[in-house]
Amino acid sequence: MDALTPVITLHALAAIYVLLLGPLQILRRRRDLAHRLLGASWVGAMLTVCISSFWIVPDGFSWLHGLSIWTLVCMVAAIVGIRAGNVAIHRGFMVGSYLGTLAAFAFAALVPARLIPQLLRSEPLIVLTTVLAVAAVVAVVHLGAVNAAARQTRRESGRAAA
1 MDALTPVITL
11 HALAAIYVLL
21 LGPLQILRRR
31 RDLAHRLLGA
41 SWVGAMLTVC
51 ISSFWIVPDG
61 FSWLHGLSIW
71 TLVCMVAAIV
81 GIRAGNVAIH
91 RGFMVGSYLG
101 TLAAFAFAAL
111 VPARLIPQLL
121 RSEPLIVLTT
131 VLAVAAVVAV
141 VHLGAVNAAA
151 RQTRRESGRA
161 AA
């Protein structure tokens, strides 16, 4: 696994998005339209991370693949939970999914034979540029969702006053 294939690139970009957006979702106080929009994009990125993981190392099943399956189950449980009005179930499974992603990232970043440490040694500028570019995307998506939620709130306030 020393080649940066298209699957690994897609997996890495989606994982960086998940890692950067996760705290914004978890720590944000308001659970409004912005939370739902950002949550949908986060779930989409998580699906990309989980599904792409099965094509990174095609010659075996590891605990990381098990974590991908478990994460998919947790996201379904979180969505079913919130649709049933159970915020605690939703929060628990979503935070758990994020913490699992952090654990997988720590493993991928700290094991010297993995691609992340190799890239940090050989191409640190590319890694930094990639993380900053994804951070910019997260910022734009976050601001867009927050602005959409604010516009919706203003429209609803205007209708209520009329």
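Numbering (full-length UniProt numbering), first residue to last: 1 to 162.
Positions of the beta carbon are idealized from the N, C-alpha and C atoms, including for glycine.
Just the C-alpha distance for residue i and residue j, rounded to the nearest angstrom, thanks.
i, j, result
"Leu120", "Ala161", "56 Å"
"residue 164", "Gly44", "Any property of residue 164 remains undetermined from this structure, which presents the chain solely from 1 to 162."
"Val57", "Thr5", "11 Å"
"Gly100", "Leu38", "19 Å"
"Ile26", "Val111", "28 Å"
"Val76", "Arg91", "12 Å"
"Arg159", "Val134", "37 Å"
"Val7", "Glu156", "43 Å"
"Gly96", "Trp42", "14 Å"
"Val127", "Cys74", "30 Å"
"Leu125", "Ala88", "41 Å"
"Glu123", "Arg28", "34 Å"
Measuring alpha carbon to alpha carbon, tell me which of the options ends up nearest residue i.
i, options, result
"Ile69", "Ala104, Arg36, Leu37", "Ala104"
"Ser52", "Leu115, Thr9, Ala108, Pro117", "Thr9"
"His35", "Leu143, Leu13, Glu156", "Leu143"
"Thr48", "Leu13, Cys74, Gly81", "Leu13"
"Ala78", "Gly60, Tyr98, Arg30", "Tyr98"
"Met46", "Val87, Asp59, Leu72, Arg31", "Leu72"
"Ala40", "Met94, Glu123, Val127", "Met94"
"Arg31", "Glu123, Gly85, Leu102", "Gly85"
"Gly66", "His11, Asp59, Arg29, Cys50", "Cys50"
"Pro23", "Glu123, Val140, Leu102, Arg154", "Leu102"
Between residue i and the rest of its own chain, which residues show a CB-CB distance below 7 Å, the 5 nearest in sequence each way excluded?
i, result
"Val131", "Ile16"
"Leu33", "Ala148, Ala149, Gln152"
"Val138", "Tyr17, Leu20, Leu21"
"Ala109", "Ile116, Pro117"
With a CB to CB cut of under 8 Å and the five nearest residues on each side skipped, what residues in its chain are close to residue i?
i, result
"Phe107", "Leu64, Arg114"
"Phe61", "none"
Any heavy atom of the ligand PLP inside 7 Å of the beta-carbon of residue i?
i, result
"Ala40", "Questions concerning the ligand PLP fall outside what the structure shown contains, since it holds no ligand whatsoever."
In its own chain, which residues sit with a C-beta less than 6 Å from the C-beta of residue i, not counting the 5 before and 5 after it?
i, result
"Ala145", "Ala34, Leu37, Leu38"
"Gly81", "Ile89, His90"
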